[in-house]
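One structure below.
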Amino acid sequence: MMAQGTGAHDHEVSAVASTQRLWQRIGTLALWRVAALVAASPWMAPIGPLNLLLAPRCVSCRTSCAPQQLLCAACWRAMPWLPDPLCERCGLPQPCGTPCPAAEWAFSRSWAPLDYAGPVIALIRALKERGAIQAADLMAATIVARAPARVLLDGAVLVPVPADPWRRRRRGIDHAAVLADAIARRSGNDIVAALQRRPGGRQAGRSRAQRVAAGPTVQANGALVGRDAVLVDDVHTTGATLHAAALALNKAGAGRIACVTFGRSI
Ligand SMILES: [Zn+2]
Ligand SMILES: [Zn+2]
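So for the sequence shown, numbering that gives the first Met the number 0 puts the first residue at 0; every next one is plus one.
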């Protein structure tokens with residue numbers, strides 16, 4: 000009877016242990032599943048590096064890719080390089096229009112290597128929305144490797160175009176400053192934060208005419224009197240923001256002004 004009782008007890012203990020192991024395993028699997036879902040969610044935006052660590056995915060198409068890689072091989076092959084020749088003034092493929100869309104702008108040159116589309120938008124968002132500094136490094140390396148001499152002038156000072164203050168606070172990053180810093184480390188140009196931007200509200204939804212009519216919300220200090228400047232921003236869309244920044248630098252006594260961006264809306 001004792002042997003039977005012990006056996007039943009052992010069986011009971013074994014069943015309990017087995018059940019515990021099963022629940023532990025379910026718990027572990029559930030934990031990993033939740034971690035993967037959380038890593039892929041937009042709530043992880045403020046801690047992008049952890050997101051990349053948990054689930055390395057292409058920032059553009061979201062398929063898995065090698066750790067530390069922002070783009071998968073297919074998206075790299077699909078990068079929308081702008082075709083030569085480009086208009087030196089507005090940065091659009093030739094012919095850009097009659098007159099050139101930037102004919103009245105306060106900068107004399109602008110250039111970007113890529114159309115603002117597909118993987119380019121994804122990389123810019125990774126920097127702006129998730130603070131992915133490695134995206135800025137990739138953009139800067141691309142710009143410095145491909146920029147014509149007329150854009151990154153010897154002796155010119157890099158000037159980041161400041162983001163709208165409320166957007167900068169919301170994102171926690173001044174993306175143009177991060178990009179300009181990454182370019183300066185590679186090109187050897189000096190960098191000066193010569194511009195301040197007043198809160199101007201959202202640009203999205205406004206027409207080109209409305210953006211231009213809104214006027215400049217940018218002010219420059221006198222740090223660049225007589226010096227050539229290269230405005231740095233993530234994307235050149237209508238040109239209104241770059242024009243406002245160039246106008247402010249002109250009024251503050253800067254020399255020639257060029258613009259360099261990673262993307263160009265065409
Ligand atoms: Zn991809
Ligand atoms: Zn043009």
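Idealized CB from N, CA, C, for every residue including glycine.
CA-to-CA distance, Asn188 to Gly171, given in whole angstroms: 26 Å
Range of the contiguous beta strand (DSSP E) that encloses Cys258: Membership of Cys258 in the beta strand (DSSP E) is indicated by the continuous run Ile256 to Arg263.
Three-state class that DSSP yields for Gln67 in the structure shown: coil
For Cys74 and Thr236, the rounded distance between their alpha carbons: 22 Å
Span separating the alpha-carbon of Phe261 from that of Gly117: 13 Å
Burial state of Arg168, where buried means 16 or more other Cβ atoms lie within 10 Å: exposed
Residues of its chain near Ala245, where Cβ-Cβ distance is below 6 Å and the 5 sequence neighbours each way are ignored: Here the set comprises Ala105, Phe106 and Ile256.
Contact under 7 Å by Cβ, Asp227 with Gly254: yes
Arg263 Cβ short of 6 Å to ligand 2 heavy atom set: no
Residue environment, Asp233, which counts as buried when at least 16 other CB atoms sit within 10 Å: Answer is buried; the Cβ neighbour count reaches 16.
At least 3 beta-carbon pairs within less than 8 Å: the region 92-102 vs the region 217-224: no
Beta-carbon separation (whole angstroms), Val88 vs Arg56, contact threshold 8 Å: Reading the sequence as shown, one finds Arg at residue 88 and not Val. Not really, about 39 Å apart at Cβ, beyond 8 Å.
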